[in-house]
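Chains as they are written, first to last, in the working numbering: chain A, 1 to 324; chain B, 325 to 605.
The structure appears right after this line, and notes come after that.
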Amino acid sequence: MSATPTTAIDARPTRRARSFAQRLRGGDEIAYAITFICAASVILVTALLVYQLYANSAASRAKFGWAFLYTSVWDPSAGQFGALPFIYGTLVTSGLALLFGIPLGVGAAIFLAELAPPRISDALTFLIELLAAVPSVIIGLLGVFVMIPILRAAEPAIRAVLGWSPLFSGPFYGVSLFTAGIVLAIMILPFIISISREVILSVPGDQREAALALGATRWETTWDVVVPFARKGIMGSIFLALARSLGETMAVTMVVGNDPKINHSLFAPGYSIAAVIANEFTEATGDLYQGALIELGLVLFALTIVINGAARLLVMGTTKKGAA
Amino acid sequence: MSFHLARRKAVNIIMLGLTALCTLVAAGTLVFILGYLFVNGARSLNWNFFTRLPTPVGEAGGGMANAILGSAKLLLLATLVGVPIGFLGGVYLAEFGGTTFSFFVRYTTDLLNGVPSIVMGIFAYTLIVLPQKHFSTLAGGLALGVMMIPIAIRSSEEFLRAVPLSLREGAMALGASKARSIFTVVIPAAKHGILTGIMLNLARVAGETAPLLFTSFGNRYWSPGWEQPTAALPVMIYTYAVAPYDDWHQQAWAAGFVLLSLVLAVNIVARLILSKRVAPR
């Protein structure tokens, strides 16, 4: 009964009255100490992680300073490292993923929560959550051998519709920012769907009944009443998905093309932070090169922490509101 | 007016249909992934895959026996690192925790859970590979183990909390100390849930590739002991998929099939167990 205040009557002598040896024999203090150390070690590990990333990127931080973040020359042989192409690639692929993933994911969540009979909804949700368990390297494998041929076949059609835009100019080799965006969209779908569904389900039923009673159609009820009510939680699920896609490594590495340049066409190859670390880390020689890659890791870490933090706040906000 | 109503009804039908379509696309993707992998993987799979070492490029046959064993060793290490810390940390949060410190631990756990897997690889690299100056199974196991901690903590805490308070009170009323009641009454009551949580956790890290690229690295031969680089199934899939050889692609499909079957089997069984145990309560 150490930390939590309790009103239970404790028949045993008070803590102070029992000798230290007695308390040890009871095992309470030992169990407390051991479990406390394990819980505290989470904080230690996280602190150590930040420290290691910071300390081991010292060479790169000292040489480039903040310019690391906004210069775009990545030339290991010349010892010149700028992270902008990778930051650009990461943001563009994740942005594309959200562009495809949000409408699909929220739409599916609405169907599963509002329309589908509970049994079918549960079965489909089970299936979709299994999609989240598929290892990213396997999604990458299918990206390389299935998605790329499909996109190649679809290229003329896409160009016919969107070819006027500079975003779809230039040759298309299959590997591109666009391909990576689609693959990422598939990977984040299960997160958006399962969390959004949960949030929509927690919207109180009387909200729906009130709207229906006023003569709203099913869709109007859902779109004008239920979804706005669940908005914060849905936003939270999108932020969580974004954090996932920013840090996603293998699938992106396999289809993004790995070209450290800022190409404005989505059909052009690009690079992402996680992908460059995966590709170049083992061959990085020298403190500066390795330091630059570790600093990229630090940037990625900071990005995901900020976005995850925002997501937690949003999700926490709605579940409280939903419960009240 | 009636036109207005017709329009609203049409919008209703169209939008509801679209949401159904979204669901179909999402669920269809999974079915497609499974189907494609099963067809391609099963075709490329044979007995050699489980018993032979990889052959040099161009030589037919060969398998990934070393990668299967390597993955098993890495998972064993990861369990040894992640499960005790995660489990006991979960016991603290569920049984001993106060408010401020527990909040802090939970928050950090969530942060750690959100750290990209490739960054975990860098972490293990700087801790073990850098001082030792060589890749090793140990480093890969550590990377995966740290990744297991957050989920182990949260799932243990959740299942321990699900144990009714009356069980704790009963044990204490019989004179058991708090520690004794936790370890002989509460934990056994939550045993199934906690074990299932660990299985799901293992299935998740079993497919991780990024943290292994520069910790356990890869190996075309057996890797004796814990101090040498080792092959692992996910890393092999990656290396074989991006290589330009056709027979390597076939092997990658086979490996993908094996890995996905394992991961999905564990997921399905675990989820069924959980839903059954939660329902009657």
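We put the beta carbon where it would ideally sit given N, CA and C, even for glycine.
- At a cut-off of 9 Å between beta-carbon atoms, B/Asp570 makes no contact with chain A.
- Of B/Met444, B/Arg478, B/Leu489, B/Ser460, the smallest CA-CA separation from B/Ala467 is found for B/Met444.
- If you look at A/Glu283, you'll find it isn't in any alpha helix (DSSP H); DSSP assigns it neither H nor E.
- The beta-bridge partner set that DSSP reports for A/Asp75 consists of A/Gln80.
- Each residue's CA atom was taken as its position, placing B/Ser426 and A/Gly247 some 27 Å apart.
- Distance from B/Leu537 to A/Thr282 at the Cβ level is roughly 7 Å; contact confirmed, criterion being Cβ atoms closer than 8 Å.
- Annotation: the continuous alpha helix (DSSP H) that includes B/Glu482 extends over 461 to 485.
- Proximity of the region 287 to 295 of chain A to the region 84 to 91 of chain A falls short of the contact definition, fewer than three beta-carbon pairs being nearer than 8 Å.
- One thing to note: A/Pro135 has its Cβ no nearer than 9 Å to the Cβ of B/Ala396.
- For A/Ile234, the closest Cβ of chain B is not nearer than 9 Å.
- Boundaries of the alpha helix (DSSP H) harbouring A/Trp219: 218 to 221, taken from the DSSP string.
- Scanning B/Pro553, B/Pro455, B/Leu435 for the CA closest to the CA of B/Ala391 turns up B/Pro553.
- If you check the CB distance, A/Ile277 and B/Ile442 come in under 9 Å.
- With the criterion set as a beta carbon lying under 7 Å from some beta carbon of chain B, the members of the region 45 to 61 of chain A are Val45, Thr46, Leu49, Gln52, Leu53, Asn56, in sequence order.
- Here A/Pro204 carries a coil assignment [DSSP, helix/strand/coil].
- When CB distances to chain B are screened at a threshold of 9 Å, the residues of the region 103 to 114 of chain A falling below it are Pro103, Leu104, Gly105, Val106, Gly107, Ala108, Ala109, Ile110, Phe111, Leu112, Glu114, in chain order.
- The beta carbon of A/Ser265 is closer than 7 Å to those of Pro166, Leu167, Phe168, Ser169, Gly170 in its chain, skipping five residues each way along the sequence.
- With three or more CB-CB distances shorter than 8 Å, the region 405 to 417 of chain B counts as touching the region 472 to 492 of chain B.
- Collapsing the DSSP output to three states places B/Lys397 in a helix.
- Taking a C-beta cut-off of 9 Å against chain B, the contacting residues of the region 219 to 232 of chain A are Trp219, Glu220, Thr222, Trp223, listed in chain order.
- Shortest Cα-Cα distance from A/Ile193 to any of B/Cys346, B/Phe373, B/Phe581 involves B/Cys346.
- When CB distances to chain A are screened at a threshold of 9 Å, not a single residue of the region 478 to 490 of chain B falls below it.
- Shown here, B/Asn437 sits in a helix according to DSSP, grouped into three states.
- C-alpha of A/Met147 to C-alpha of B/Glu532: approximately 21 Å in a straight line.
- Per DSSP, reduced to three states, the secondary structure at B/Asn543 is coil, with no helix or strand assignment.
- Three or more pairs of CB atoms, one per stretch, sit closer than 8 Å, so the region 99 to 113 of chain A contacts the region 329 to 348 of chain B.
- B/Gly387 and A/Ser202 have their C-alpha atoms roughly 50 Å apart.
- Against B/Leu462, chain A offers no close residue; the least beta-carbon distance is about 16 Å (beta-carbon pairs closer than 7 Å).
- Counting of Cβ neighbours within 10 angstroms places A/Glu114 among the buried residues, the total reaching 16 or more.
- If you draw a 10 Å sphere on the C-beta of B/Gly352, you find fewer than 16 other C-beta atoms in it, and that means exposed.
- The beta carbon of A/Phe68 does not come within 9 Å of any beta carbon belonging to chain B, so the residue lies off that interface.
- In the structure shown, A/Ser165 falls within a coil segment according to DSSP collapsed to helix, strand and coil.
- The region 482 to 532 of chain B contains, as complete alpha helix (DSSP H) runs of 4+ residues, the segments 489 to 497, 502 to 505, 511 to 530 (chain order).
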